[in-house]
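*Asks:* Below you will find the structure I want to go over with you.
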Amino acid sequence: MTEPTDRSIITDSVGVSVAVGLYGVSFGAIATSSGLSIVQACTLSLLVFTGASQFAFVGVIAAGGSALTGALTAVLLGSRNMFYGIALAPRLELSRGQRAAAAHLVIDESTAMAVTRTTRRHARLGFFWTGLGVFTLWNLSTLIGAVAGKTLGDPRTYGLDAAVGAAFLGLLWPRLQTRMGRVVALIGAGVATGLIPVTAAGAPIIIGGAVAVGLGLLWHTDTPSEGAEA
Amino acid sequence: MSAVWVGIVLSAAGCFALKLTGLSVPERVLTHRLTLRVSDLIPVGLLGALIAVQVFADGTQIVVDARLFALAVATGLLALRVPFLPMVIVSAASAALVRLL
């Protein structure tokens, strides 16, 4: 493998930005066809700026859940960004002021393009080019999708309500490669489905997720190194 | 509609706080084994629950309709390594087609 150059890192970052930015179309369309306004859809992309959380917020609203449940789900899903930050900090070596500015760009892709670099210069190049590239295209494509979602009419005609499930499955897919991942996801799905008829909309998501995490913690088998006391 | 705005602001504040915290705290504070496992499991459990609600719920009723078919199509496409956006579009189109028939 050849050593990456500044140029190759920037090219890779732009490529990732274009690919990821395009999902914004599906987010925008799903958001407005779930009942959000165009401004609300665009505000989510501008200010929340972490895809899975945005899809989750919209999904809860679409399912008839409260906005607070939506926010709780979004923030819980956003917790992984905190761990990305921990991995990034020693590689980016940012000052306090720079951290506040850079934090908004901490997402799956900018992290992936930075943590594998061996020098600070390359880590920063990967992080900022990917972060700013995705941010720009994600927001542009959200606007396009949001306008499209509003003008299309009944979203069910186009299967847009079904697109949400497919989008979530796409986000979950990489984590289904282990048996543990598959079992935890199925527990979450099973508990949530069982609760649909008996709880308020939105609650099955939080409770199903919590039960799945709890049971996942009790599962010791994949941690042979230490005695797992959950 | 203002409840939605409150939710948007809370989501934005919460998500930003998490990002900034990660960049700012000393590494050892957040890399406790249990914390790491919980953070690893949260997206899996939550996304599993989200998919189920998205596919089966109609208000507080369980409904089996074209959405389940679309999810099966999405599963097949992901297994074939079809990228995210075309996968979502074809899955949605398959639901639209089922409803048309």
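Protein chains in written order, with this note's numbering: chain A, -2 to 227; chain B, 22 to 122. Built from N, CA and C at the ideal position, the CB exists for glycine as well. Bear in mind the structure is a predicted one, so any value in this text is a computation, not a measurement.
Is A/A197 buried or exposed, if buried means 16 or more other CB atoms sit within 10 Å of its CB?
*Replies:* Taking the first residue of the first sequence as 1, we reach residue 197 of chain A at position 200. Exposed is the call here.
*Asks:* With 8 Å set as the bound, which would you pick, yes or no: does the beta-carbon of A/A28 sit closer than that to a beta-carbon of chain B?
*Replies:* Locating residue 28 of chain A in the first sequence gives position 31, counting from the first residue. So no, A/A28 is outside the interface.
*Asks:* Identify the contact partners of B/A93 in chain A, using a Cβ-Cβ distance below 8 Å as the criterion.
*Replies:* As a working mapping, residue 93 of chain B is identified with position 72 in the second sequence. Neighbours of B/A93 on chain A: none; closest Cβ ~10 Å, over 8 Å.
*Asks:* Just checking: is the beta-carbon of A/D151 within a distance shorter than 8 Å of some beta-carbon in chain B?
*Replies:* Residue 151 of chain A sits at position 154 when you count from the first residue of the first sequence. Not one chain B Cβ lies under 8 Å of A/D151.
*Asks:* If we cut at 8 Å on Cβ distances, does B/G97 have a partner in chain A?
*Replies:* Along the second sequence, one-based indexing puts residue 97 of chain B at 76. No, its Cβ sits nowhere closer than 8 Å to a Cβ of chain A.
*Asks:* Under the DSSP definition of a beta bridge, which residues are partnered with B/Q82?
*Replies:* Numbered from its first residue, the second sequence carries residue 82 of chain B at position 61. According to DSSP, B/Q82 bridges with B/D79.
*Asks:* Closest by CA to B/A91, which one among A/G94, A/R93 and A/A159?
*Replies:* Here residue 91 of chain B is taken as the residue at index 70 of the second sequence, counted from 1. The candidate whose alpha carbon is nearest that of B/A91 is A/A159.
*Asks:* Just how far apart, CA to CA, sit A/S76 and B/V119?
*Replies:* The count along the first sequence starts at 1 and reaches residue 76 of chain A at position 79. The count along the second sequence starts at 1 and reaches residue 119 of chain B at position 98. In a straight line, the C-alpha of A/S76 is about 37 Å away from that of B/V119.
*Asks:* So, with DSSP's three-state summary, where would you put A/I184?
*Replies:* For the purposes of this step, residue 184 of chain A is taken as the residue at position 187 of the first sequence. It is helical.
*Asks:* State yes or no: is the C-beta of A/A38 within less than 8 Å of the C-beta of A/A28?
*Replies:* Position 41 of the first sequence holds residue 38 of chain A. Position 31 of the first sequence holds residue 28 of chain A. Cβ distance < 8 Å, so A/A38 and A/A28 count as in contact.
*Asks:* Give me the residue from A/A182, A/F24, A/A100 and A/L212 with the minimum Cα distance to A/R121.
*Replies:* Position 124 of the first sequence, counted from the first residue, corresponds to residue 121 of chain A. The candidate whose alpha carbon is nearest that of A/R121 is A/A100.
*Asks:* Skipping 5 residues on each side, what residues in its chain have a beta carbon closer than 7 Å to that of A/I35?
*Replies:* Taking the first sequence and counting its residues from 1, the one referred to as residue 35 of chain A is at position 38. The answer, listed in chain order, is T29, A143, V144 and K147.
*Asks:* Just how far apart, CA to CA, sit A/G205 and B/G69?
*Replies:* The count along the first sequence starts at 1 and reaches residue 205 of chain A at position 208. The count along the second sequence starts at 1 and reaches residue 69 of chain B at position 48. Their Cα atoms are separated by approximately 8 Å.
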